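Read through the structure below, which is laid out as structure tokens, and then see the notes.
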């Protein structure tokens, strides 16, 4: 059964027309998390949950607004949809008690959706995590393994477009979008518009699927290393205009900065596969960059990654592209 079919099955009302009152979305894949949230909202509104309240909690957050929402009694018999997002599993010392309150207060008048984006095996050992797993309907929104991605692409193309995709065509799309499901979804939508055939083979996909602008990405890295602020700004605007998804190339940009830090500290960088121009630019940039600046860039690139996935970042306006541009320009504007 496909992921979408499984989600639809869990969203079917019971024999009394009621939906589950507590949901747990677990995983860091943005597309799946967004689609699950949207599907639950649509079902909740259809079932009469007319008011939505959303909260994001991280670290030692103040949970009092959540307790207030859980304790609200509507004078007009309105049902509330309460969404609670934990960007990370570090929910602070007061977080477990808040989770227990969520489990206790989710009822026919309050549907609660808890989303946990970033977690590891240590979180699964926590009591609050396991209590939530037992009490809630859990929907996994974990990233899809690369080996399973072509099958997911074939299932989604059939489901969304009504078209059959050959395995070679699915593999091509998986390679071009590098496992980024947001970009993959865009390419599947494009196939429906550009290929008017019930079955799509690899030649059809080659004609319709765009490359993820590798030339522009390489140009961006070199412009950043050379300190060419104008070119950096121009390329980032171009990538944004082409709807390139930030996660599809951010890992490569992060590697560039890590290499700079290694070289700056007199260590060997991982430059296998890089062009001579790229290696020379790395060495020049490493000599002029301050190590504290490079550490700051890595920290802010982590923020860009979170923002690009729709996660909350404190002290930011939430614009991942503008933050990306600011980070890339740091080498142009700051000198040793």
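In the numbering used here, the protein residues as written are 1138 to 1473. Every residue gets a Cβ at the ideal spot worked out from N, C-alpha and C, and that includes glycine. Values in this document were obtained by computation on a predicted structure and should not be read as measured data.
Asked                                                                                                                                   : Found
Residue 1420 and residue 1399 closer than 8 Å at C-beta                                                                                 : no
Exposed unless 16 or more other CB atoms sit within 10 angstroms - verdict on residue 1166                                              : buried
Buried or exposed (CB count within 10 angstroms, at least 16 for buried), residue 1317                                                  : buried
As assigned by DSSP and simplified to three states, the class of residue 1459                                                           : helix
Buried versus exposed call for residue 1436 [16 or more other C-beta atoms within 10 Å across all chains shown]                         : exposed
Between the CA atoms of residue 1178 and residue 1170 - distance to the nearest angstrom                                                : 12 Å
Cutoff 6 Å; reference residue 1253; Cβ partners in own chain excluding five residues on either side                                     : 1163, 1223
Residue 1268 beta carbon less than 8 Å from that of residue 1220                                                                        : no
Residue of 1255, 1273, 1234, 1362 minimising C-alpha distance to residue 1200                                                           : 1234
Contacts around residue 1351, its chain only, beta-carbon distance under 6 Å, and the 5 residues preceding and following it disregarded : Confidence at residue 1351 is low in this model, with a pLDDT of 48, below 50, so the placement of that residue should be treated as unreliable; the coordinate-derived value is given next. Result list for residue 1351: empty, nothing under 6 Å.
Three-state secondary structure assigned by DSSP to residue 1218                                                                        : strand
Cβ-based burial, residue 1258 [other Cβ within 10 Å; buried from 16]                                                                    : exposed
Below-8 Å beta-carbon distance, residue 1264 vs any chain C residue                                                                     : Absent from the structure: chain C. Only one protein chain is present.
CB contact flag (residue 1359, residue 1240, <8 Å)                                                                                      : no
Neighbourhood of residue 1251 by C-beta distance below 6 Å, restricted to the same chain and skipping five residues each side           : 1161, 1221
Simplified DSSP state of residue 1161, which is helix, strand or coil                                                                   : strand
Nearest neighbour of residue 1299, chosen from 1278, 1311, 1330 [CA to CA]                                                              : 1330
Assigned secondary structure, residue 1205 (DSSP; H/G/I helix, E/B strand, else coil)                                                   : helix
Start-to-end residues for the alpha helix (DSSP H) that takes in residue 1264                                                           : 1264-1272
Contacts around residue 1465, its chain only, beta-carbon distance under 6 Å, and the 5 residues preceding and following it disregarded : 1361, 1369
Buried or exposed by the 16-neighbour rule on C-beta atoms within 10 Å, applied to residue 1304                                         : exposed
Any alpha helix (DSSP H) of 4 or more consecutive residues that is wholly inside the region 1319-1390                                   : 1339-1345, 1351-1363, 1366-1378
Assigned secondary structure, residue 1177 (DSSP; H/G/I helix, E/B strand, else coil)                                                   : helix
Residue 1294, DSSP secondary structure in three states                                                                                  : helix
The beta strand (DSSP E) enclosing residue 1252, as first and last residue numbers                                                      : 1247-1255
Exposure label - residue 1379; buried when at least 16 CB within 10 Å                                                                   : exposed
Neighbourhood of residue 1348 by C-beta, 8 Å cutoff - its chain only, sequence neighbours within 5 removed                              : Note that residue 1348 has pLDDT 46, beneath the 50 cutoff, so the model's placement of it is unreliable and no number is given.
Beta-carbon separation (whole angstroms), residue 1493 vs residue 1438, contact threshold 8 Å                                           : One cannot answer for residue 1493 here, as it falls past the ends of the chain, which runs 1138 to 1473.
Pick from 1145, 1168, 1149 that is closest to residue 1384, judged by C-alpha positions                                                 : 1168
Residue of 1197, 1198, 1208 minimising C-alpha distance to residue 1190                                                                 : 1208
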